[in-house]
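Data block below; observations after.
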Amino acid sequence: MIEHGIHTIDTAFQRDHFDAAYLVVENGRGAFVDCGTNHSVPRLLAALGPAGLAPADVDWLVVTHVHLDHAGGAGALMKELPNARLVAHPRAAPHLVDPAKLIAGATAVYGEEEIRRSYGDIVPVPADRVVVAADGHRIDLQGRELLCLDTPGHARHHHCIWDQRSRCWFTGDTFGLSYRELDSAQGAFILPTSTPVQFEPEALKASISRLLSYRPEGMYLTHYGRVGNVGKLAADLREQIDAMVAIGRDCDGSGDRHQDMVAALTALYLGRARAHDCPLDDAGVEAVLHMDIELNAQGLGSWLDRDRR
Ligand SMILES: [Zn+2]
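Counting in this note's numbering, the sequence shown runs from 90 upward without gaps.
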């Protein structure tokens, strides 16, 4: 069902129902929020027709942050959208215009082969098509306001986008990860994401509080889809951020810090999934969360190393 003109597009990155982009339609004009990778571009373009739009009817591409599963396809997509401008956080915009550092950073996390396979060649966005949006920037989509707020904690180049019409946030990665495979009678299962290299636990908790201060009715997560019951989910996230920090501190200085953190994070999330009555067994939950657990452990590691300096 399409509510408030918000279309959910599965970018098909990694697997189905893992990575979403959104198309907001107002009065015959469109705005994409996040865009997946180069490989997602045909899917985003294919979503326009059913929404009643042509590529020339898209005014905006808004990226929450520059991690490649959110913005890797920005340059390739912008080539297909003749009238669109790209809206980005002040710390994100330079990397979209000149992606060299972005590619180097992602290669350090994921390795060269994975970068080439998953993302292809990252296309720069011409600087004159980029709107650098500071905290509080308002995007006008046919009179429908989309408000950009600076929400560090997952990354320092992260905006969340408030849509007053739906009273929902597009949260990128600030409001964690919630996969529909793990929904139960208790609702959505959620966990934070601490992907390297800018995880900041206190900033993340403050950003979550800032999102909640708007009294949202729902959150559109990139991974994956809309969730309601935001007060309960925010409490779940805060508890787990604290638990993850404790795990990092406990494992710091151990012989194989990374593997110890992977084991402890796995135990944390599996225990919570069991308490949540998730419909999958432990192996099934682990399969869904495997990649995120690895990234969360890496991100905790870089936070511990940064904290020490
Ligand atoms: Zn991210």
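From the three backbone atoms N, C-alpha and C, an ideal C-beta is built for every residue, glycine too.
Computed from a prediction, not measured in an experiment: that's the story for all the values here.
- Non-local beta-carbon contacts of residue 349 in its own chain, meaning distances under 7 Å to residues more than five positions away in sequence, involve 340 and 343 in chain order.
- As the crow flies, the alpha-carbon of residue 390 is around 12 Å from that of residue 354.
- In the three-state DSSP reduction, residue 308 falls in the strand class (E or B).
- Using a Cβ distance threshold of 8 Å, residue 156 and residue 216 do not count as a contacting pair.
- At the C-beta level, residue 150 and residue 144 stay beyond 8 Å of one another.
- Counting C-beta pairs with one atom in each stretch, the segment 273–287 and the segment 360–373 have three or more that are closer than 8 Å, which means they touch.
- Residue 314 is bridged by DSSP to 310.
- Residue 303 sits in coil when the DSSP states are folded into three classes, being neither helix nor strand.
- In the DSSP assignment, residue 106 falls outside any alpha helix (DSSP H) and carries neither an H nor an E.
- The beta carbon of residue 168 lies closer than 6 Å to none in the same chain, with the five residues before and after it left out.
- Between the alpha carbons of residue 291 and residue 298 lies a gap of roughly 11 Å.
- As DSSP reads the structure, residue 261 sits in a beta bridge with 310.
- In the pairwise beta carbon analysis, the segment 222–238 is classified as touching the segment 109–128: at least three pairs are separated by under 8 Å.
- Runs of beta strand (DSSP E) with 3 or more residues, each lying fully within the segment 234–297, are found at 248–252 and 257–261, listed in chain order.
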